[in-house]
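Engineer: For the record, in the sequence shown the residue sitting at position 192 is 192 according to full-length UniProt numbering, with numbers rising by one throughout.
Handing you a structure now.
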Amino acid sequence: MGKDRCLNITTVTARDIRWPTSLGAHGSDAMVCIRTFFFFSTPVASIAERRIRFVPHRKQHSDPDYSCVYVKIATAEGLEGYGMTFTLGRGTDIVLLAVRALKHLVEGRTTASIFERFGAFWRELTSDSQLRWIGPEKGVTHLAVAAIINALWDLWGKLRGVPVWLLLAEMEPEVGARRMELKEHGKHRKPLPTL
1 MGKDRCLNIT TVTARDIRWP TSLGAHGSDA MVCIRTFFFF STPVASIAER
51 RIRFVPHRKQ HSDPDYSCVY VKIATAEGLE GYGMTFTLGR GTDIVLLAVR
101 ALKHLVEGRT TASIFERFGA FWRELTSDSQ LRWIGPEKGV THLAVAAIIN
151 ALWDLWGKLR GVPVWLLLAE MEPEVGARRM ELKEHGKHRK PLPTL
């Protein structure tokens, strides 16, 4: 992968977009998801012999309104990147406010300064000293950062003239590792035995 042209990020804008899916009881969410029971007619049943019964958990999120925070990152050179993060309706306005609170960390930067150390930039966004009390690395903060990061990936793909999947597929492993946030979780856990 060659050296990228350096773009100047001028603005980060965000919108709250909602689809009133609860009005017609369309869709559900992962929380409503459902217990699945498998019954087998023989100990080793074929896929065709399986019968599945779904039992919804009606107490949780039975009326989601599919929603998203839609982010646009614009550059002085005219290129734009778009990203979004999915929610279930109520609370989308809070994610929108979080994006707007974090945008000062993106505006005025160059794409080169962000893309060269993308993982460190992720950490910068999730560890803002004035906002980390909201929940660093979880909840609203992660949703807001995800929308921004998705828009940056889109911008990077457009800068290269390729879809994001190809941008990632062609990345050298060492380069990719520098651009990811790799954090050790559960360092006191024992490794799983190999099978």
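For every residue, glycine included, the Cβ atom is placed at its ideal position computed from N, Cα and C.
Small disclaimer: the values here were computed from a predicted structure and weren't measured.
(1) Does the Cβ of residue 35 have 16 or more other Cβ atoms within 10 Å, making it buried, or fewer, making it exposed?
(2) Residue 80 by DSSP, collapsed to three states: which one?
(3) With H, G and I counted as helix, E and B as strand and the rest as coil, what does DSSP make of residue 41?
(4) Could you please give the first and the last residue of the uninterrupted alpha helix (DSSP H) stretch that includes residue 134?
(5) Tell me which residue opens and which closes the alpha helix (DSSP H) that residue 15 is part of.
(6) Please report the straight-line C-alpha distance between residue 156 and residue 93, rounded to a whole angstrom.
(7) Go ahead and pull the three-state DSSP assignment for residue 113.
(8) I'd like to know whether the C-beta atoms of residue 71 and residue 95 end up nearer to each other than 7 Å.
(9) Closest to residue 180 by CA distance: which of 21, 6 and 114 is it?
(10) Quick check: residue 81 and residue 152, are their CB atoms within less than 7 Å of each other?
(11) Closest to residue 17 by C-alpha separation, out of 147, 168 and 171, would be which residue?
(12) Can you tell me the Cα-Cα spacing of residue 140 and residue 85, whole angstroms?
(13) What are the residues that DSSP puts in a beta bridge with residue 67?
Structural biologist: Considering the structure as presented:
(1) Sequence index remark: in the sequence shown, residue 35 carries index 35 (1-based). At residue 35 the pLDDT is 41, less than 50, meaning the model places this residue with poor confidence; the figure from the coordinates comes in the next sentence. The residue in question, residue 35, is exposed, as its Cβ has fewer than 16 Cβ neighbours within 10 Å.
(2) Counting from one through the sequence shown, the residue named residue 80 turns up at place 80. Correct three-state label for residue 80: strand.
(3) As a working note, residue 41 is residue 41 in the sequence shown. Note that residue 41 has pLDDT 46, beneath the 50 cutoff, so the model's placement of it is unreliable and no number is given.
(4) For the purposes of this step, residue 134 is identified with residue 134 of the sequence shown, where counting begins at 1. In the DSSP annotation of this structure, residue 134 is not part of any alpha helix (DSSP H), being labelled neither H nor E.
(5) In the sequence shown, residue 15 corresponds to position 15, counting from 1. Segment 9 to 18 is the beta strand (DSSP E) holding residue 15; no alpha helix (DSSP H) there.
(6) On the sequence shown, position 156 is the one that residue 156 refers to. On the sequence shown, position 93 is the one that residue 93 refers to. Cα-Cα distance, rounded: 27 Å.
(7) One-based indexing of the sequence shown puts residue 113 at position 113. Under the three-state reduction of DSSP, residue 113 is assigned to helix.
(8) Working through the sequence shown from its first residue, we reach residue 71 at position 71. Working through the sequence shown from its first residue, we reach residue 95 at position 95. No, these two residues do not count as a Cβ contact at 7 Å.
(9) Start at 1 with the first residue of the sequence shown, and residue 180 comes out as number 180. Checked all of 21, 6 and 114; the closest Cα to residue 180 is 114.
(10) On the sequence shown, residue 81 is found 81 positions in, with the first residue counted as 1. On the sequence shown, residue 152 is found 152 positions in, with the first residue counted as 1. Cβ atoms of residue 81 and residue 152: closer than 7 Å.
(11) Residue 17 sits at position 17 when you count from the first residue of the sequence shown. Checked all of 147, 168 and 171; the closest Cα to residue 17 is 147.
(12) Taking the sequence shown and counting its residues from 1, the one referred to as residue 140 is at position 140. Taking the sequence shown and counting its residues from 1, the one referred to as residue 85 is at position 85. One C-alpha to the other measures close to 10 Å.
(13) The count along the sequence shown starts at 1 and reaches residue 67 at position 67. Per DSSP, 18 and 87.
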